[in-house]
Amino acid sequence: MAAQDTSPAPEEVAAPTMAPHGTDYAAIAMRRERRNNLALVSPALLILVVGASGPLVVMLIYSFLAAGDYGGVVWEFSTQGWFQVFLQRDMFDDTIGFADAHLSIFWRSLSLAFITTVLCVIFGFPTAYFIATRPPEQRSLWLFLVTIPFWTNLLIRTYAIMEVIRNEGLVNTALMKAGLISQPIQMLYTDFAIMLGMTYVYLPLMVLPLYASMEKLDFRLVEASYDLYASRMNTLRRIILPLVKPGLIAGSILVFVPCLGAYVTPRVLGGGKRLMLGNLIELQFGQGRNWPLGAALSITLLLIVMVALLIYVRNASRQGGAHG
Amino acid sequence: MKWTTGAGLTAAALLASTGLASAEGKLNIFNWGNYTSPELIEKFKKEYDVDVTVTDYDSNDTALAKVKAGGHGFDIVVPSHSYMPIWINEGLLLESRPDQMENFEHMSDRWKDVDWDPGRRFSVPWQWGTTGMAVNTSVYDGDPNTSAIFMDPPEELVGKVNVVPEMIDVMNLAIRYVGGEPCTSDREVLRKTRDAMMAARDKWMSMDYGTTEKLAAGDMVASVNWNGSTLRARMQNPDIVYGYPREGYPLWMDSAAVLADAQNPENAKLFLNFIMDPENAAMISNFARYANGIDGSEQYMAEDMKGAPEIDVPEEFQSAGAFNPSCPPEVQQMYTQIWTQLQK
Amino acid sequence: MAEARRIRPFAVRHLPGFPTMALICFVCLYAPIITLVMFSFNESMSMSQWGGFSWRWYVAAWENERVQQASLLSLIVATCASLIATTVATAAALGTTRTRRYRGLTGIYVLINQPLMVPEIVTGVALLIVFAMVKVWTGYTGIGYLILAHTAFCIPFAYLPIRARLESMDATLEAAAADLYATPWMAFRRVTLPLLWPGILAGGMLAFVISLDDVVITEFVKSGGQDTLPTYMLSQIRRIVTPEMNAISTVFLAISIALVTIFFLLSRGKKQ
């Protein structure tokens, strides 16, 4: 704030009287404005660098150090952490092969995140469309209803799902009472439970961007399509889908990224037998006592996320360009 | 603006008040989850006017990693015996000399001089017990006294078995099941163990903690579990029985010790002395339902613990139990590799 | 919107099955939460059978000392973090909106929004590494670390509504103030701040809710005895499933929903 306090009157006052040297003063004013801006932004940036971005750099360094015997690192250069992400030395015959444990966990995380994203599209698309086609005065209320679960604690929502699908939970009890099953169906501690939980938790993240692009949908185009005897399916596929594609991509990224790094949902609903990437990372900092590997795995996850975001940005800017 | 100022002042006041509390006398205990008797803590608080917090961990390795990282803020930790030499050798514990404390006389002679802490210069027994099988007899009423419950589950239990993810205990159970010795580095035995575990894994439901409540509630019907936890589950659900694997099962003892970088070492020492008092030791046992190592505590223990089959090991299974030795780091590494494979 | 009314009879907007699907979706979104709330009032331990209405689990939670400690810590951290985050985010919004593009602006955007992009688990372990080092160096293990970490990830949530408000504000009012020889600080105090206030309030509330809800980062950053309500719940629900957890969750839900509703009303007022 100090910089803004001491700065003299704005350029509008100065400019007319100093016409001959106008350009110089404009430059000074610009520099001053820039200095003020930086002063205003710097506290936020400082906190972010110390509390969010800077640690990522330290983690990168850690991934190139050697693991301590009982956790922590030894300050000597080592590529073991990165080596172990994808490769391993067989404990029985000392041959080097792919670290199939890690690869299959990577694969599970990617596929679970992908399926969850698809499920979110299947449920989120009609919901967003439904909201976008309500009368305008109702829309914000519906939208509000979608967002409420999103702003409530993720843990509580996961817990709610757990309650429902437990052996002694609501679904099994109801089915048993109805005489449809004689023994509870094991749903908790399965990949199904993780997927259900993640879909439930991240659905609003799909609905919101989809809605944002559907709200702008020009229904005259849809009308034109019907006028040309297009079926509803064809209209959906050829007209609506291409028009809401930016929202679809944004929503998919917003769901995919947190699913990939999910930690709480697999831990609570997955039963610890099958890990996801988030849990594998945590394992290395706890029981696994291999911090460099944990750091390398984290950075690998970060890189995958970056690629997903880049695809999104490229797509968004191309869309933006196409519309002028 | 007023709202902000008000909230700021409130926050500052709250901060100040918690700050003051820390100056008065604090004790931060880092212990296994669901293992610390609230009454014990309450009594200690009253007697010494100390503010106590308890934080949970769920495995020896997690505790070790967190403390090793530094800046943890804990005063007391309760590692298992097989990890105790690591804690001592890494210089993580304060030599608090429990053997010179007032209540040391109450400690059973059996525990006064143990391999993992000769002469008890660092630690005080918290509880000891066995790792075996918990089975819900309404689902499976066959013989529970075998590691086959999890290594080769009977028909009724396929897809329903839980395994507590305590690596050393489970690995040793498995190694003894295939006929090896704990901490073996014999690759043939380890290969056999791994293959047997990988085959068994698909018949497991989960690898999770929280067995006491889940067994009682029916969310788990069989599990590799600790004896006291099984006793607690049986008290809520009479169908639960505890089995001692005849192929061999581990004995363990968890001992409380003061951390080298404790911020309240004096309070921590008071606590070690406090829990060697028979009445207080009984409180620990009455909560978690394991035996403690203090003579004279039996008279204060709950009726249902006396003669409980989970606590008093039946004659025929006594020889199968043995304390886990501390495995050398290279063996530990091999275990970890097999363990990661299991969770892929 | 006249044209919308005109075309509705032709059902141009209608896609068969979509409303049904949407309603199913809403039911599925709310059913588990409603069940959770309902069973918090259950007299019996069961999560599937109703045993009569009772407050006993609320009483149990209220009297549980660990819950008390955890709630207090949650509130302290959320209050401090949201206040700091809102303050610096307001400044940052003033420094990045309604200005000429300057070099580094994109970089600033990326930095501010970074916590939204990086998976929480990655930030969590990175902070674990750095704070462990700092804790050993300084010997300080207090709640400052938690507040710092929370402030950092709250900043984008506070920043976005404030910036949105700022962008929709009329810049000529401040120009007028300047013409009347108000110092920039006066102009800010008397003109900008009052106009910006709803945005700041909205941002602050979002930041508060986000901080209150955080599990993952807190789990990795906390030191001994520093459980917040969510991390306490995480350690409990892996083992005990009692209606006490439902009671705590319900209170939590009520707080979050109240704050979000206020936020909703505030941001709606902005548009009108």
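Residue numbers (our numbering), protein chains in the order written: chain V, 42 to 365; chain H, 4 to 347; chain U, 51 to 322. For each residue, glycine too, the CB sits at the ideal point set by N, CA and C. Just so we're clear, the structure is a prediction, and the values are computed from it rather than from any experiment.
The count of Cβ pairs closer than 8 Å, one atom from the segment 187-199 of chain U and one from the segment 224-242 of chain U, stays below three, leaving the stretches out of contact. Shown here, residue 106 of chain V sits in a strand according to DSSP, grouped into three states. The segment 222-239 of chain V and the segment 327-339 of chain V do not touch, with fewer than 3 CB-CB distances between them shorter than 8 Å. Against chain H, a Cβ distance below 7 Å from residue 275 of chain U picks out 31, 56, 58, 76. In the DSSP annotation of this structure, the continuous segment of the alpha helix (DSSP H) that includes residue 63 of chain H starts and ends at 63-72. Not one beta carbon of chain H lies nearer than 9 Å to the beta carbon of residue 118 of chain U. Neighbourhood of residue 146 of chain V in chain H, by CB distance below 7 Å: 347, in chain order.
Residue 288 of chain V places its beta carbon less than 9 Å from that of residue 251 of chain V. Put simply, the backbone Cα of residue 299 of chain V is about 16 Å away from that of residue 249 of chain V. Among the residues of the segment 157-187 of chain U, those with a Cβ less than 9 Å away from any Cβ of chain H are 178, 179, 181, 182, 183, 184, 185, 186, 187, in the order of the chain. The Cβ-Cβ distance between residue 147 of chain H and residue 210 of chain H does not fall below 9 Å.
Here the alpha carbon of residue 171 of chain U sits roughly 7 Å from the alpha carbon of residue 267 of chain U. Scanning chain U for C-beta atoms nearer than 7 Å to the C-beta of residue 73 of chain H yields 182, 185, 186, reported in chain order. Residue 220 of chain U and residue 152 of chain U have their C-alpha atoms some 22 Å from each other. 9 Å or more divides the Cβ of residue 200 of chain V from the Cβ of residue 88 of chain U.
In the structure shown, residue 117 of chain V adopts extended strand secondary structure according to DSSP, grouped into three states.
The three-state secondary structure of residue 274 of chain U, taken from DSSP, is coil.
Interface residue (Cβ-Cβ distance to chain H less than 9 Å): residue 170 of chain V is not classified as such.
Here residue 105 of chain U is exposed. Its C-beta has fewer than 16 other C-beta atoms within 10 Å. Contact with chain V is absent for residue 123 of chain U, since none of that chain's Cβ atoms lies less than 9 Å from the residue's Cβ.
In this model, residue 163 of chain U and residue 135 of chain U are separated by some 13 Å (Cα to Cα).
Considered as a whole, the segment 247-300 of chain H harbours 268-278, 281-291 as its complete alpha helix (DSSP H) runs of no fewer than 4 residues, in chain order. Of all C-beta pairs linking the segment 251-267 of chain U to the segment 203-222 of chain U, three or more are shorter than 8 Å, placing the two stretches in contact. Cα atoms of residue 279 of chain V and residue 237 of chain V: separation of roughly 30 Å, rounded to the nearest angstrom.
Listed by position along chain V, the residues whose Cβ is nearer than 8 Å to that of residue 67 of chain H are 111, 112, 330. The C-alpha of residue 276 of chain V is placed about 9 Å away from the C-alpha of residue 262 of chain V. Sequence-distant partners of residue 102 of chain H (beyond 5 residues in either direction) whose C-beta falls short of 8 Å from its own C-beta, in its chain, are 115, 122, 123, 124.
When Cβ pairs closer than 8 Å are counted between the two stretches, the segment 92-100 of chain V is seen to touch the segment 171-187 of chain U, the count reaching three or more. Across the structure, residue 264 of chain V and residue 62 of chain U are spaced so that their CA atoms are roughly 6 Å apart.
In the pairwise beta carbon analysis, the segment 336-347 of chain H is classified as touching the segment 194-205 of chain H: at least three pairs are separated by under 8 Å. Here the alpha carbon of residue 116 of chain U sits roughly 43 Å from the alpha carbon of residue 253 of chain V. Rounded to whole angstroms, the gap between the alpha carbons of residue 315 of chain V and residue 145 of chain V is 10 Å. Between the C-alpha atoms of residue 166 of chain V and residue 247 of chain V there is a straight-line separation of about 8 Å. Inclusion of residue 56 of chain H and residue 145 of chain U in the CB contact set at 9 Å is not warranted, their separation being larger than that value. Taking residue 107 of chain H as the centre and dropping the five residues before and after it, the same chain places the C-beta of 101, 279 closer than 7 Å to its C-beta, in chain order. For the segment 123-195 of chain V, the continuous alpha helix (DSSP H) assignments of 4+ residues that do not extend past its boundaries occur at 141-173, 177-192, in sequence order.
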